[in-house]
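Worksheet: the structure to be examined is printed underneath.
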Amino acid sequence: MPVAAFAVFGWCMANGGGLNAMNLASKTVSTPLGWRIMAGVNTIFGSLSPMLVNQPDLARYCKKPRDAGPIQGVSVFVASVLVFFLGMASTTSIQARWGTAYWNIWDLFDAILDHYFSAGARAGIFFAALAFFFGVFATNFGSNSIPFGADMTGLFPKWLTIRRGQVLCALLGVIVQPWQLMANASAFLSFLGSYSIFMAPLCAVIIVDYVARKGNVHVPSCYIGEKTGLYWFKGGVNWYGALAWLLGTTMGIPGLIGQYQPNIISNAAKYMYMMGWLLTFFTSAILYYLMTLYFKPQILPRGRENTPSSFEWLADDGREGFFDGEREGEIIYAPGTPPMTDSEKLEMGEKSLKVTV
């Protein structure tokens, strides 16, 4: 896909108005330059929000901690900015030549075939479209399908597995008609901006919670679904985190409404929306941090409270989230299974009776 993207970019530069067309395509707008820059930053973060939140679902495939470290972070940001630049430059270059802005890559391919329907053009478009097809498929599989399946398994482990969750994701993907979001450039940018005000507060809560716990994650406690569990909170829900997420999200709601009803909100609300990712992120982060100061989270499980620990102590020295004696090589000594209730014993007895008969 990168080869195809640069090939399309090079063709547009050679057959269009080139990079100089970006200056010709600009128009006078009432929004100050600084706020337009913030809107661009907000769009970039909006496109990265799913990957930031779903990082744990993908990082578990890393063989070394550094595989999910600064190198990946820098690469993702640079690649995202580069893709936006290639798209805008290609679109404005062709617009200077043909008079139409093709913000959708598939519309651009159709336009190229309308103007150049030779055998070479058809072959080039076929291979470029094939590369983009597999690129989109792989991106959705890694960034959307696997994380969705993992989340659904965590929410409904009795009924769903990661594979079943992926099938559900594919079905819902058709029902919500995501192609409508890419009908034009303004609709797509509005979606990215609205998406960020919901994902940024969630990302903030996750990061602050990790810092408040000093980076110590006890792996066996993640599988204890009881009141005594370290991560059970209140009724299985982190209500303080949910409240911080809700309050952070509300900061961007007025601006989101203004995207569809621009005449009913003030300019201040519009400007707040242009920095929606940063605004909602830091709002939730500060609120949740203050909550952790008054309601300090339990860092270590019961019976281990007095264990001296520093930042990411459970991740150091080969512990990888376990205390001594909780595993031996690849064998993990999970918490004991609670005894069966009378109803469960009766159900098991009936099943055994049916098998015997």
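Using numbering that gives the first Met the number 0, read the sequence shown as starting at 0 and increasing by one per residue.
Positions of the beta carbon are idealized from the N, C-alpha and C atoms, including for glycine.
Since the model is a prediction, treat every value here as computed from it, not as a measurement.
Using the three-state DSSP reduction, which class does Val236 fall into: helix, strand or coil?
DSSP places Val236 in the strand class (E or B) of the three-state scheme.
Determine whether the beta carbon atoms of Phe321 and Pro219 lie at a separation below 8 Å.
Going by C-beta atoms, Phe321 is nearer than 8 Å to Pro219.
How would you write the range of the alpha helix (DSSP H) that Gln94 sits in, first residue to last?
Start and end: Pro69 to Trp97.
Residues in the same chain with beta-carbon distance under 6 Å from Asn19, minus the five sequence neighbours each way, listed in chain order, please.
There are no such residues.
Assigned secondary structure, Gly335 (DSSP; H/G/I helix, E/B strand, else coil):
Because Gly335 sits at a pLDDT of 47, beneath the cut-off of 50, its placement in the model cannot be relied upon, and the following sentence gives the value as read from the coordinates. Gly335: coil per DSSP, three-state reduction.
Measure the CB-CB distance between Ala241 and Phe131 and report whether it falls below 8 Å.
No, the pair does not count as a contact, with Cβ atoms beyond the cut-off.
So His114 is in the alpha helix (DSSP H); what residue range does that whole segment cover?
Counted as a single uninterrupted DSSP element, the alpha helix (DSSP H) harbouring His114 occupies residues Ile104 to His114.
Endpoints, the alpha helix (DSSP H) within which Lys62 is located:
Under the DSSP assignment, Lys62 falls outside any alpha helix (DSSP H); it carries neither an H nor an E label.
DSSP state of Arg326 mapped onto helix, strand, coil:
Look at Arg326 here: in three-state DSSP terms it is strand.
Residue from Leu292, Asp56 and Ala58 with nearest C-alpha to Arg212:
Nearest C-alpha to Arg212: Leu292.
Between the beta-carbon of Gln258 and the beta-carbon of Ser193, is there less than 8 Å?
Yes, the pair counts as a contact, with Cβ atoms nearer than the cut-off.
Alpha helix (DSSP H) containing Trp276: first to last residue?
From DSSP, the alpha helix (DSSP H) with Trp276 extends over Gly275 to Tyr293.
By the three-class DSSP mapping on this structure, what secondary structure does Ser46 have?
Shown here, Ser46 sits in a helix according to DSSP, grouped into three states.
So Gln368 is in the alpha helix (DSSP H); what residue range does that whole segment cover?
Residue 368 is absent from the structure shown; the chain starts at 0 and stops at 356.
Name the two residues that bound the continuous alpha helix (DSSP H) containing Asp150.
DSSP places Asp150 in the uninterrupted alpha helix (DSSP H) bounded by Ile145 to Leu154.
Integer Cβ distance of Gly148 from Gly164, believed to fall under 8 Å
3 Å between Cβ atoms; contact.
Residue from Arg35, Ser74, Phe116 and Ala284 with nearest C-alpha to Met50
Minimum Cα distance to Met50 is reached at Ser74.
Would you report the Cα separation of Ala203 and Gly123, rounded to the nearest angstrom?
So the alpha carbons of these two residues sit roughly 44 Å apart.
Run the CB neighbour count on Trp105, radius 10 Å, all protein chains shown included, and call it buried at 16 or more, exposed below.
Exposed is the call here.
Straight-line Cα distance separating Thr306 from Val40:
Here the alpha carbons of Thr306 and Val40 stand approximately 43 Å from one another.
Let me know if Cys168 comes out buried or exposed under the rule of 16 or more other beta-carbons within 10 Å of its beta-carbon.
Burial is judged here by how many other beta carbons sit within 10 angstroms of a residue's own beta carbon; Cys168 has at least 16 and is buried.
In its own chain, which residues sit with a C-beta less than 7 Å from the C-beta of Phe310, not counting the 5 before and 5 after it?
Around Phe310: Lys213 and Gly214.
For Lys353, which of helix, strand or coil comes out of DSSP?
Since pLDDT at Lys353 reaches only 44, below the 50 mark, its modelled position is unreliable, and the value read off the structure follows with that caveat. Here Lys353 sits in helix by DSSP.
Looking at the structure shown, is Phe321 part of a helix, part of a strand, or coil, going by DSSP?
Note: Phe321 maps to coil in three-state DSSP.
Report the option in Leu286, Val80 and Asn53 whose CA atom is closest to the CA atom of Ala67.
When Leu286, Val80 and Asn53 are compared, the shortest CA-CA separation from Ala67 is found for Asn53.
Find the nearest neighbour of Ala128 within the set Gly317, Ser308, Arg318 and Met0, judged by alpha-carbon distance.
The alpha carbon of Ala128 has as its nearest neighbour, out of Gly317, Ser308, Arg318 and Met0, the alpha carbon of Met0.
Give the DSSP-derived three-state secondary structure of Arg162 in the structure shown.
Of the three classes helix, strand and coil, the one that applies to Arg162 here is helix, per DSSP.
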